[in-house]
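Per our numbering, the sequence shown starts with residue -2, numbered consecutively.
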Amino acid sequence: MEEIGAEPIELPSIEIAPLEDYTDLDQALSEGVHLATRWVIFSSTNAVESVFARLDVLGLDSRVFSNAKVAAIGPATALELERKGGNLKPDFIPSHHRPKLF
């Protein structure tokens, strides 16, 4: 772009930050996932990292997902899920890696 006279400006479109309040996530991980949840959808590698970091804090592991199906937005997210989740393999990865397909 600069070659044709444009002046690019970088503007981040998302911000990755910790939650201010973990109450809902903690409750879902501690109680809901293994009891009533049908699907757990990981929309990014950051989501995998965040959820598994929280599982560590709570003293839990990927077994909380044992009664739910797991989806990953794409192959990178699936790979991170297997890495963090002790070979937890997603039940679904869309053929085209776009959030709208979920």
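The C-beta atom is built at its ideal place from N, Cα and C for all residues, glycine as well. On a predicted model such as this, the values are computed, not experimentally measured, just so you know.
Start and end residues, alpha helix (DSSP H) containing K81: On the sequence shown, position 84 is the one that residue 81 refers to. DSSP places K81 in the uninterrupted alpha helix (DSSP H) bounded by 72 to 81.
Report the three-state DSSP secondary structure of I123 (helix, strand or coil). Because the chain is modelled from -2 through 99, residue 123 falls outside the range shown and cannot be assessed.
On the criterion of 16 or more Cβ atoms from any shown chain inside 10 Å, does F39 qualify as buried, or is it exposed? What you label residue 39 is simply residue 42 of the sequence shown in a count that begins at 1. Counting C-beta atoms within 10 angstroms of its own C-beta, F39 has 16 or more neighbours from the protein chains shown and is therefore classed as buried.
First through last residue of the beta strand (DSSP E) which encompasses A69: Start at 1 with the first residue of the sequence shown, and residue 69 comes out as number 72. Per DSSP, the continuous beta strand (DSSP E) segment holding A69 begins and ends at 66 to 69.
Looking only at C-alpha atoms, which of K66, L57, E28 sits nearest to S35? The residue labelled residue 35 in the question sits at position 38 within the sequence shown. Just to set this straight, residue 35 is Arg in the shown sequence, not Ser. The shortest Cα separation from R35 among K66, L57, E28 belongs to K66.
Considering only C-alpha positions, which residue in the set T20, D88, L16 is nearest to N64? Counted from its first residue, the sequence shown places residue 64 at position 67. Of the candidates T20, D88, L16, the one whose C-alpha sits nearest the C-alpha of N64 is D88.
Sequence-distant residues of the same chain with beta carbon closer than 8 angstroms to E(-1), five excluded per side: Within the sequence shown, residue -1 is the residue found at index 2, counting from 1. Correct list, in chain order: P5.
For the candidate residues H93, I70, F62, whose alpha-carbon lies nearest to that of G83? Sequence index remark: in the sequence shown, residue 83 carries index 86 (1-based). Nearest C-alpha to G83: F62.
Figure out for me which residue from L52, P72, T42 has the closest Cα to the Cα of T20. The residue labelled residue 20 in the question sits at position 23 within the sequence shown. The residue with the shortest Cα to Cα distance from T20 is L52.
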